[in-house]
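Top to bottom, those sequences are chains A and B. Residue 256 in the working numbering is what sits at position 247 of the first sequence, and the numbering runs on without skipping anything. Residue 199 in the working numbering is what sits at position 2 of the second sequence, and the numbering runs on without skipping anything.
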Amino acid sequence: MRGVNMFAKTQAKWVGVALIAIALIALPFALAAAGTAWVRIANLAILFVFLSLGLNIVVGFAGLLDLGYIAFYAVGAYAYALLASPHFDLHFPFWVILPIGGLVACLFGVLLGAPTLKLRGDYLAIVTLGFGEIVRIFLNNLSQPVNITNGPQGISRIDPFSFGSFSFSDNENFFGLAFSGPIKYYYILLALLLLAIVVNLRLQHSRIGRAWEAIREDEVAARAMGIDTTRIKLLAFAMGASFGGIAGGMFAAIQGFISPESFVLVESIMVLSMVVLGGMGNIWGVVLGAVLLSFVPELLRYTVEPLQKSLFGRSIIEPEVIRMLLFGLALVLMMLYRPAGLLPSAVRKRELAKPDADNA
Amino acid sequence: MPNREPEQGTGDGVLLECAGLDKRFGGVLALAEVGFSIDRGEIYGLIGPNGAGKTTLFNALTGIYGCDAGGFSFDGEPLAGLRPDQIAARGIARTFQNIRLFGNLSALDNVMIGRHVRTRAGVFGAILRTRATLEEEAAIEKRALELLDYVGIAARGNDVARQLPYGDQRRLEIARALATGPKLLALDEPAAGMNATETLELKKLLQRVRTDGTTILLIEHDMKLVMGLCDRVLVLDYGRRIAEGAPREVQRDPRVIDAYLGGTVA
Numbered sequence: 010m011r012g013v014n015m016f017a018k019t020q021a022k023w024v025g026v027a028l029i030a031i032a033l034i035a036l037p038f039a040l041a042a043a044g045t046a047w048v049r050i051a052n053l054a055i056l057f058v059f060l061s062l063g064l065n066i067v068v069g070f071a072g073l074l075d076l077g078y079i080a081f082y083a084v085g086a087y088a089y090a091l092l093a094s095p096h097f098d099l100h101f102p103f104w105v106i107l108p109i110g111g112l113v114a115c116l117f118g119v120l121l122g123a124p125t126l127k128l129r130g131d132y133l134a135i136v137t138l139g140f141g142e143i144v145r146i147f148l149n150n151l152s153q154p155v156n157i158t159n160g161p162q163g164i165s166r167i168d169p170f171s172f173g174s175f176s177f178s179d180n181e182n183f184f185g186l187a188f189s190g191p192i193k194y195y196y197i198l199l200a201l202l203l204l205a206i207v208v209n210l211r212l213q214h215s216r217i218g219r220a221w222e223a224i225r226e227d228e229v230a231a232r233a234m235g236i237d238t239t240r241i242k243l244l245a246f247a248m249g250a251s252f253g254g255i256a257g258g259m260f261a262a263i264q265g266f267i268s269p270e271s272f273v274l275v276e277s278i279m280v281l282s283m284v285v286l287g288g289m290g291n292i293w294g295v296v297l298g299a300v301l302l303s304f305v306p307e308l309l310r311y312t313v314e315p316l317q318k319s320l321f322g323r324s325i326i327e328p329e330v331i332r333m334l335l336f337g338l339a340l341v342l343m344m345l346y347r348p349a350g351l352l353p354s355a356v357r358k359r360e361l362a363k364p365d366a367d368n369a
Numbered sequence: 198m199p200n201r202e203p204e205q206g207t208g209d210g211v212l213l214e215c216a217g218l219d220k221r222f223g224g225v226l227a228l229a230e231v232g233f234s235i236d237r238g239e240i241y242g243l244i245g246p247n248g249a250g251k252t253t254l255f256n257a258l259t260g261i262y263g264c265d266a267g268g269f270s271f272d273g274e275p276l277a278g279l280r281p282d283q284i285a286a287r288g289i290a291r292t293f294q295n296i297r298l299f300g301n302l303s304a305l306d307n308v309m310i311g312r313h314v315r316t317r318a319g320v321f322g323a324i325l326r327t328r329a330t331l332e333e334e335a336a337i338e339k340r341a342l343e344l345l346d347y348v349g350i351a352a353r354g355n356d357v358a359r360q361l362p363y364g365d366q367r368r369l370e371i372a373r374a375l376a377t378g379p380k381l382l383a384l385d386e387p388a389a390g391m392n393a394t395e396t397l398e399l400k401k402l403l404q405r406v407r408t409d410g411t412t413i414l415l416i417e418h419d420m421k422l423v424m425g426l427c428d429r430v431l432v433l434d435y436g437r438r439i440a441e442g443a444p445r446e447v448q449r450d451p452r453v454i455d456a457y458l459g460g461t462v463a
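Right, dumping it as C-alpha cells:
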C-alpha cells in the first residue's frame, strides 16, 4: 500500500512540476496578448526575484540586516554598462561581463562586510543603509575629473545580450510565433533564475548553510563550536552581493539605459519587503514575495484608474498614491497576522512564536 | 565508541598546562595567577563558591576572553590569544552554564553544526554537489546520528532543540561538543537543574566519554557528582587557586571548608 502511495505521490509531484514548467513557458505569450509592457514587467519581476534571493542569503540565512542591498545591483549594472556601451567604446559579450559584474559586486560585498562584522541588528542596518547611499552618490558624481559614470545623465545605448548576430533585443519569428525582444529575454532570465534557485537551495542545505544558521541563532555558541564567524559572515555578504551584481548586469542589458536614480534607498527597502513578505529564510517564500510585490502594484496601476473613472467619472486618487497606501496596508496586515511571511521557513516560524509556548 | 579525532597525542602525560593566568575586569581581578595542569584521560573537577571565577576560567581557556597575564598550552601548543573557533579546532570543546543550543534548529542539525570544524566543504562544493561533498555530508549526518545515540537521545533527532526536556538539552549540548572531535571536553555545570536519576545517567555518560578517550574538565556544584567522578579537583575562591588534589583530600582542606562556609580559619 505504502509503496503504491509513495509512487502516486512522486508521480503527482512530477505532474505538478510539468504543469508549472508549461505555465512558465507559455506565460510570456499570454502576457504579450495583453501588451508587451506586461512581458517587460515579468522580466523585471524575475530580476526582483533574483535580488530577493541574494538578499535572502544575507538577511534570511545569516540574519544580517542589510538596508543597502541595492548598491550591489548598482555595481553590477554599472559594471555591465561600462564594459558594453559606447561610453568607453567597449563591447564585451554578455556572458563575459555578467560574471565580471557578479565578481565586482562580490568584492564590494566583502568591502561592506569587513568593517561591519562586529555590528548587529540596528547598527548593522544603519551602516549598510549608509553604504547604499555612498555608492549611489559616487555614481552620481564620478563624472569629474575623469568621466567614469557620466553622472546623473547615466549611461545609454547599452548593448543587449547577443550571441554573434543573434540579438535578444530584436523581434523575430520562430515556428510561426512572434518572439519579441522582451520574450526572448524572458526565457534567458528564467533560465538564469532557475539556476540561481538551484544554487540557493544547495547552499542552504550544506555545511556553509548550516554555519549561517548557527550564526543567526547564537554567535557565541557558533564560535565555540569552531565556526570562523568572520569568514562565514563575509561569505554571506559576498554571495548575496554576487546575486545582486548579476541581476544588475541583466537589468542594464534589458533597459539599455541606467542612471543613479534607479538605485535609490526605496529600492533596497522594496527588495527587503519582498524577502520579509514572502518568508525570510524560505527560498520559495522569497520567490513568491518578489513575484507578488512586482506584479500586484502594476496590476493596480492598470486597474485603479479605469475603475475610478467608471465609478466616479474622474480620477479622485492618483494610482501611485493608492499603490503605496495598499502596499503599506498589506505590510501592516502581514506583520499582524503572518509575521513570519506568506510561506515562512519552519525555523523562522519558531523564532517568532511566543517563547512561553515552548517552556512546557 | 571511540572519539579519537583529531589524532590523539601519543602516550600519557599533560594535556592542558595553565600557568600564572590573570584576568581583569576593570579593577576586579577575576583570575589571579591561576595555574594547574590536566593529564590525558582524567576527569578534572573545577569547584568553588559562586563568583569564584570558574566560568571566567572556562571562557579564558576557550578563547572567549583573552588573558591579561600568563597563558596556557594545550597538547604542547600555546593557545592563549587564539580565537574561540581556532581553539575549538585545536581540540577543546565546551558546553555552557546556561545552555546555548541553536534553539530553533533540530537536535540533529545542532550536532551536524558541531561537525563544521572537522569538515571542509566550501561554497563551490555545495553548489556543484561534488562527490567529495556528498560523501562528506553523508558522513556528517552519520556521525551526528551516532552521537545522538551515544548521549541517549537518538529518538529526538528531528525535535526542535529548545522544545526538548531540560535534561535532553544538556545531553544534546554534550553531543554537539563531542561532534567537534575534542581532546578535552569542558563542561560548565552539566548537572545543574537535573534530578537524581538524570544526574546518575549523566555520570555514566561522562565515565563512558572518558573511557572512550576524551579528557574532561568539569565545573560542577553537585558535590556528590564531583566526588564520585573526578580524579582530581581544583578549588578556586576569589579568582585564586586555594587547593588541588583528590576529591577526598580537598574536601577536608580547611581553606576549602572556609571558602564554602565563610568566616575565618581559626
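For each residue, glycine too, the CB sits at the ideal point set by N, CA and C. No experiment lies behind these values; they were computed from the predicted model shown.
Helix, strand or coil at K220 of chain B [DSSP, three-state]: Start at 1 with the first residue of the second sequence, and residue 220 of chain B comes out as number 23. Three-state DSSP puts K220 of chain B in a strand.
Integer-rounded CB distance, given that I79 of chain A should sit under 8 Å from F272 of chain A: By one-based count along the first sequence, residue 272 of chain A stands at place 263. By one-based count along the first sequence, residue 79 of chain A stands at place 70. About 5 Å separates the two Cβ atoms, so the contact holds.
Cβ-based neighbour list, Q220 of chain B, same chain, cut-off 7 Å, excluding 5 preceding and 5 following: The sequence position of residue 220 of chain B within the second sequence is 23, counting from 1. It is worth fixing the name first, because residue 220 of chain B is Lys in this sequence and not Gln. Same-chain partners within the cutoff: A227, L228, T253, A257, Y262, C264, D265.
Option nearest I66 of chain A by Cα separation, candidates A:W221, A:A43, A:R359: For this step, residue 66 of chain A is matched to residue 57 along the first sequence. I66 of chain A has its Cα closest to that of A:W221, out of A:W221, A:A43, A:R359.
Within 8 Å, strictly: CB atoms of G232 of chain B and L243 of chain B: In the second sequence, counting from the first residue as 1, residue 232 of chain B sits at position 35. In the second sequence, counting from the first residue as 1, residue 243 of chain B sits at position 46. Going by C-beta atoms, G232 of chain B is not nearer than 8 Å to L243 of chain B.
Contacting positions in the segment 291 to 302 of chain B - beta carbon closer than 8 Å to chain A: R291, F293, R297, L298, F299, G300, N301, L302
Residue-level contact to chain A via CB, R154 of chain B, 8 Å cutoff: Any answer about residue 154 of chain B is impossible in this case: the structure gives chain B only from 198 up to 463.
Cβ contact check for the segment 254 to 264 of chain A and the segment 391 to 405 of chain B: 3 or more pairs under 8 Å: no
Of the listed residues A:A46, A:A230, A:K242, A:V305, nearest to A123 of chain A (C-alpha basis): Residue 123 of chain A sits at position 114 when you count from the first residue of the first sequence. Minimum Cα distance to A123 of chain A is reached at A:K242.
Sub-8 Å separation of A154 of chain B and I350 of chain B beta-carbons: Any question about residue 154 of chain B goes unanswered here, given that chain B covers just 198 to 463.
For A35 of chain A and I29 of chain A, the rounded distance between their alpha carbons: Taking the first residue of the first sequence as 1, we reach residue 29 of chain A at position 20. Taking the first residue of the first sequence as 1, we reach residue 35 of chain A at position 26. Rounded to the nearest angstrom, the two C-alpha atoms are 10 Å apart.
Unbroken beta strand (DSSP E) run spanning I244 of chain B, endpoints: Residue 244 of chain B sits at position 47 when you count from the first residue of the second sequence. It spans 240 to 244 - the beta strand (DSSP E) in which I244 of chain B sits, taken as one unbroken run.
Alpha helix (DSSP H) segment containing L120 of chain A, residue limits: The residue labelled residue 120 of chain A in the question sits at position 111 within the first sequence. From DSSP, the alpha helix (DSSP H) with L120 of chain A extends over 103 to 125.
Supposed close pair L53 of chain A, W47 of chain A - CB separation, criterion 8 Å: Indexing the first sequence from 1 puts residue 53 of chain A at position 44. Indexing the first sequence from 1 puts residue 47 of chain A at position 38. Actually they are not in contact, since the Cβ atoms of L53 of chain A and W47 of chain A sit about 11 Å apart, beyond 8 Å.
Delimiting residues of the alpha helix (DSSP H) encompassing R211 of chain A: On the first sequence, residue 211 of chain A is found 202 positions in, with the first residue counted as 1. Unbroken alpha helix (DSSP H) run through R211 of chain A: 190 to 213.
V231 of chain B in three-state terms, based on DSSP: Start at 1 with the first residue of the second sequence, and residue 231 of chain B comes out as number 34. It is a strand residue.
Continuous alpha helix (DSSP H) stretch holding F252 of chain A: start and end: Walking along the first sequence from the start, residue 252 of chain A turns up at place 243. Unbroken alpha helix (DSSP H) run through F252 of chain A: 238 to 264.
Straight-line gap, P306 of chain A to L338 of chain A (C-alpha atoms, nearest Å): Numbered from 1 along the first sequence, position 297 holds the residue referred to as residue 306 of chain A. Numbered from 1 along the first sequence, position 329 holds the residue referred to as residue 338 of chain A. If I take the Cα positions, the gap works out to 13 Å.
Touch test, the segment 160 to 169 of chain A against the segment 264 to 281 of chain A, Cβ-Cβ under 8 Å, three pairs minimum: yes
Ranges of the alpha helix (DSSP H) found wholly within the segment 313 to 369 of chain A, counting only runs of at least 4: 328 to 346, 355 to 361
8 Å contact criterion, which E181 of chain A and F188 of chain A should meet: CB distance rounded: Indexing the first sequence from 1 puts residue 181 of chain A at position 172. Indexing the first sequence from 1 puts residue 188 of chain A at position 179. So it is a contact: roughly 5 Å between Cβ atoms.
Pair within 8 Å by beta-carbon distance, R225 of chain A and D306 of chain B: To locate residue 225 of chain A, count along the first sequence from 1; it is residue 216. To locate residue 306 of chain B, count along the second sequence from 1; it is residue 109. No, these two residues do not count as a Cβ contact at 8 Å.
C-alpha distance - V432 of chain B paired with V447 of chain B, whole-angstrom precision: Indexing the second sequence from 1 puts residue 432 of chain B at position 235. Indexing the second sequence from 1 puts residue 447 of chain B at position 250. Approximately 8 Å, taken between the alpha carbons.
CB contact below 8 Å: S215 of chain A versus chain B: One-based indexing of the first sequence puts residue 215 of chain A at position 206. For S215 of chain A, the answer is yes, since a Cβ of chain B falls inside 8 Å of its Cβ.
Residues from the segment 233 to 253 of chain A in contact with chain B, defined by Cβ distance under 8 Å: A233, M234, G235, I236, D237, T238, L244, M248
Rounded straight-line distance, which links the Cα of G223 of chain B to that of A383 of chain B: Counting from 1 along the second sequence, the entry for residue 383 of chain B is found at position 186. Counting from 1 along the second sequence, the entry for residue 223 of chain B is found at position 26. In a straight line, the C-alpha of A383 of chain B is about 27 Å away from that of G223 of chain B.
Three-pair Cβ contact test at 8 Å for the segment 60 to 76 of chain A versus the segment 127 to 138 of chain A: yes
The segment 188 to 199 of chain A / the segment 283 to 295 of chain A touching (three or more Cβ pairs under 8 Å): no
Proximity test, Cβ basis, 8 Å: V320 of chain B and chain A: Sequence index remark: in the second sequence, residue 320 of chain B carries index 123 (1-based). V320 of chain B counts as touching chain A.
Nearest to F175 of chain A (by Cα), restricted to the options A:Y194, A:L92, A:L116: Within the first sequence, numbered from 1, the residue matching residue 175 of chain A stands at position 166. Per the Cα distances, A:Y194.
Under 7 Å from the C-beta of R359 of chain A: neighbouring residues of chain B: In the first sequence, residue 359 of chain A corresponds to position 350, counting from 1. By Cβ distance, chain B contributes N301, V357.
Buried versus exposed call for K380 of chain B [16 or more other C-beta atoms within 10 Å across all chains shown]: Your numbering for residue 380 of chain B matches position 183 in the second sequence. K380 of chain B comes out buried.
Best match in A:S324, A:R332, A:Y346 for proximity to M279 of chain A [C-alpha to C-alpha]: Here residue 279 of chain A is taken as the residue at index 270 of the first sequence, counted from 1. Taking only the C-alpha atoms, the option nearest M279 of chain A is A:R332.
DSSP state of H96 of chain A mapped onto helix, strand, coil: Here residue 96 of chain A refers to the residue found at position 87 of the first sequence. DSSP places H96 of chain A in coil when its eight states are reduced to three.
G311 of chain B: contacting residues in chain A (beta-carbon distance under 7 Å): The count along the second sequence starts at 1 and reaches residue 311 of chain B at position 114. Those are M234, listed as they occur along chain A.
Within-8 Å CB hit, R310 of chain A to chain B: Within the first sequence, the letter at position 301 stands for residue 310 of chain A. Closer than 8 Å: no.
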